[in-house]
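The block underneath contains the structure these notes are about, expressed in structure tokens.
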Amino acid sequence: MKKKKVLETMENTHTYVPSRFNALSHTDDGGLVLFNSFNGAIVHFSEKEKQEVLTALKRVGIKDLQHDLHRDLYDNGFLVSDRVDEKRRAQFLHQSLHRTDMMHLVLLPTEACNFCCTYCYETFPRGKMDPKTIYALKALVQEKSTNLSDLHISWFGGEPLLALDVMEDLSHSFLASTKENGVQYSCDLVTNGYFLTKEVFEKLLTWEIRQFMITIDGVGEIHDRRRHLAGGGQTFNKIIENLMSIKEISGEFDITIRMNFDESNLQETSKLIEFLKEHFSHDKRFGVLFRPVGRWGGENNDNLPVCSRVIANKKIWEFTDKAITEDLEMSSMVAGSLLPSASVCYAAKPHSLVVGSNGQLYKCTVSFDEEMNKVGSIHEDGSLELDYDKIAHWVTSGEETDSVCQSCFYRPACQGNHCPYYRIQTGERPCPYEKRSIKKVLNLIWKSSLQS
Ligand code: SF4
Ligand code: SF4
5 MKKKKVLETM ENTHTYVPSR FNALSHTDDG GLVLFNSFNG AIVHFSEKEK QEVLTALKRV
65 GIKDLQHDLH RDLYDNGFLV SDRVDEKRRA QFLHQSLHRT DMMHLVLLPT EACNFCCTYC
125 YETFPRGKMD PKTIYALKAL VQEKSTNLSD LHISWFGGEP LLALDVMEDL SHSFLASTKE
185 NGVQYSCDLV TNGYFLTKEV FEKLLTWEIR QFMITIDGVG EIHDRRRHLA GGGQTFNKII
245 ENLMSIKEIS GEFDITIRMN FDESNLQETS KLIEFLKEHF SHDKRFGVLF RPVGRWGGEN
305 NDNLPVCSRV IANKKIWEFT DKAITEDLEM SSMVAGSLLP SASVCYAAKP HSLVVGSNGQ
365 LYKCTVSFDE EMNKVGSIHE DGSLELDYDK IAHWVTSGEE TDSVCQSCFY RPACQGNHCP
425 YYRIQTGERP CPYEKRSIKK VLNLIWKSSL QS
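The opening residue of the sequence shown carries number 5 in this note's numbering; numbering runs sequentially from there.
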């Protein structure tokens, strides 16, 4: 009995204080949205609850959790015991990236492309994946599957659909290996959309490719001027025709329609939103994403009319807001990026590798020509030859050494590693767009949730 008394006294000495990983935004209905980056919780509180929430989240904290609202705040991680070392928890979360039962491969079934976009940074030195690399990848996945719980493939390029036969060959093998060993298998695809006919799309679904990103930079001629065929020629109508026929399919998938903007198509966004509204509003499988063109390399690099950082940050959310107002879905990538570790680039993840069409291994899908990015190769038997010094450069340059990142409210989502290449190049922190405008983003997530 005595023992119990002592325990009770200890429990009662708790103070519950706001988590250091909270962010808050006021909503137009007089309420507020709370977000916690350690567990990804996003909760709306009504105008009636608001004052009570704000009082409970004062730095001095509260003494007990008798009140239902306080219990809710605690259960969602917005309040934590003052005995919790949250920085240490974040450090622990970071270490979970080292799990060896997960693997992410970014594959380039071809490094060639049928488009020649004005702002492209790739040089297309090689074509289709060679038979040796295909064989090696099958062997790697077959061997690793016995110890994996999760395998994710990102199909990238060049234009991956130019090598549909390679994708088919690899997919069949990966599906068999993962099924045999009970491994969770999932894929995404970045494509320009030109070859994404309904028939092709249906095939991709059978290969467990369910997340797609397709870029449209404006309506008709505006898009065609920026994203034309390699030999010249329009692409807009064909992409839209493909998307319209895909819309008729009843399956589950998630398509992000991305618009890359700079000073030369900034004014055309409204027209694109109107156009997309007409065809894709009220279909939750199609979401929109706006991103500024950057100087990522390539022959036009110095001449690109990129927006200033201030304009870019503002316009991303202004366009998203307009799209939501027009009943379009915001890309699932926005809310998805707020989840724990979800803003960490694959280049910074130890279990992630990019495989070129000749078996060259990389970490980053932008800086293909940089020596630092050539981190090894895959042998025909599926074994990997890795340069761990180079890999360490990509995976240890974030929050481990940056004290500002260690204290950042967004740390669990980003871990200082949203773009290790940016940090290596500029020495600056690669804070994601979502973090820089977190209040606006939370507001948009709330606004978007009202549509359903
Ligand atoms: S390191 Fe940066 S540039 Fe490279 S893939 Fe990641 S986000 Fe892109
Ligand atoms: S890079 Fe920026 S957002 Fe990411 S942890 Fe560091 S300070 Fe926070």
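Quick reminder that beta carbons are idealized off the backbone N, C-alpha and C, glycines included.
Since we're looking at a predicted model, the values are computed, not measured.
Collapsing the DSSP output to three states places R295 in a strand. Each residue's CA atom was taken as its position, placing E278 and E252 some 21 Å apart. Boundaries of the alpha helix (DSSP H) around I138: 135-149. By the Cβ neighbour-count rule, D72 is exposed, with fewer than 16 other Cβ atoms within 10 Å of its own.
Checking the DSSP bridge columns, you'll see I157 partnered with L109, C191. R92 and H18 do not touch by the CB rule: their CB atoms are close to 18 Å apart, not below 8 Å.
DSSP places F25 in the coil class of the three-state scheme, outside both helix and strand. Straight-line measurement puts the Cα of I66 at about 10 Å from the Cα of S85.
Collapsing the DSSP output to three states places S452 in a helix.
In the DSSP annotation of this structure, D89 is not part of any alpha helix (DSSP H), being labelled neither H nor E.
DSSP places E333 in the strand class (E or B) of the three-state scheme. Using a 10 angstroms sphere on the CB of A45, the tally of other CB atoms reaches 16 or more, which defines it as buried. According to the DSSP secondary-structure assignment, T405 is paired through a beta bridge with no residue.
Residues of the same chain with a CB within less than 8 Å of the CB of I320, apart from the 5 flanking positions on each side, are F294, R295, P296, Y437, S441 in chain order.
Looking at the DSSP output, H48 shares a beta bridge with V37. With a contact defined as Cβ atoms closer than 8 Å, V379 and D391 qualify at about 5 Å. A contact is defined here as three or more CB-CB pairs under 8 Å, and the stretch 380-389 meets this definition with respect to the stretch 130-145. Short of 7 Å from the beta carbon of H98, and not among the five residues preceding or following it, lie these beta carbons of its own chain, in chain order: E403, Q419. Taking a contact as a CB-CB distance under 8 Å, the pair L179 and E212 counts as one, their CB atoms being some 7 Å apart.
Linking G301 to Y426 through their CA atoms gives a straight-line distance of about 13 Å.
Within the chosen limit of 7 Å, ligand 2 does not reach the beta carbon of E252 with any heavy atom. Measuring C-alpha to C-alpha distances from S361 to each of I250, P129, E322, V338 identifies P129 as the nearest. Here DSSP, grouped into helix, strand and coil, assigns V399 to helix.
Nearest in C-alpha terms to V204, of all of T239, I218, N246, is N246.
Judged by pairs of C-beta atoms under 8 Å, the stretch 147-163 touches the stretch 100-107, as three or more such pairs exist. Any heavy atom of ligand 1 counts here; residues with a Cβ closer than 5 Å to one of them, in chain order, are C349, A351, C368, T369, V370, C423, P424, Y425. Within the same chain, I328, M334 come within 6 Å of S452 by CB-CB distance, once the 5 residues on both sides are set aside. When distances are taken from the beta-carbon of K353 to the heavy atoms of ligand 2, even the shortest one reaches 7 Å or more. Distances from the CB of P434 to the heavy atoms of ligand 2 include at least one below 7 Å. CA-to-CA, the gap between H286 and Q455 works out to about 9 Å.
In terms of Cβ geometry, D258 and Q215 form a close pair [threshold 8 Å]. The three-state secondary structure of S249, taken from DSSP, is helix. Not one heavy atom of ligand 2 lies closer than 7 Å to the C-beta of E404. The distance from the Cβ of H108 to that of S274 is about 37 Å, inconsistent with a contact at the 8 Å cut-off.
When DSSP assignments are scanned along the stretch 238-282, the uninterrupted stretches of alpha helix (DSSP H) that are 4 or more residues long and fall wholly within it turn out to be 240-251. When DSSP states are grouped into helix, strand and coil, L73 belongs to the helix group.
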